[in-house]
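Going by our numbering, the first residue of the sequence shown is number 227, and it counts up by one from there.
We put the beta carbon where it would ideally sit given N, CA and C, even for glycine.
Since the structure comes first, as structure tokens, the remarks are kept for the end.
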Amino acid sequence: HKMKGLLLAALGALGSLARYHFGGFVHTTANRALASEREFPFGALMVNTTGSFLIGLLAGSAGTGFLDTPTANLLAAGLCGSFTTFSTLCVDTQRLLRDRRPGFLAMNLALSFTLGPLAAWAGLTLARP
């Protein structure tokens with residue numbers, strides 16, 4: 227149990243570092259490329275979509291000859307749980323409301339709640355034997 231806890235903590239650290247660097251890179255690059263005068267939260271959207279795909283892939287692989295269920299659950303909770311960020315989506319929603327940007331708000335919510343489930347479905351589908 228101690229080793230699982232340490233492994234979970236290490237995976238969590240890796241996931242949070244990946245979220246910080248990957249999300250920041252996507253956010254900065256996309257807004258710069260679009261010359262966005264008022265930034266759109268591309269980083270969190272991409273992190274959550276990618277994480278949904280990975281969790282779908284892990285869930286679909288669990289219990290197969292490729293990956294046992296405890297390992298898949300550990301990777302999903304540790305790595306993907308710290309990589310994805312529902313709380314940032316909630317804060318971005320509040321910021322877009324506060325800044326009176328209803329178009330960006332609607333787009334972010336629509337994309338988040340469309341791309342995330344589609345990505346999870348794609349991961350589950352790809353993992354099917």
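- Of the other Cβ atoms in all chains shown, 16 or more fall within 10 Å of the Cβ of G269; this residue is therefore buried.
- If you look at A270, you'll find it in the alpha helix (DSSP H) that goes 268 to 287.
- For S313, the uninterrupted alpha helix (DSSP H) run begins and ends at 312 to 324, by DSSP.
- Of all C-beta pairs linking the region 252 to 259 to the region 307 to 321, fewer than three are shorter than 8 Å, placing the two stretches out of contact.
- Under the three-state reduction of DSSP output, L337 falls in the helix class.
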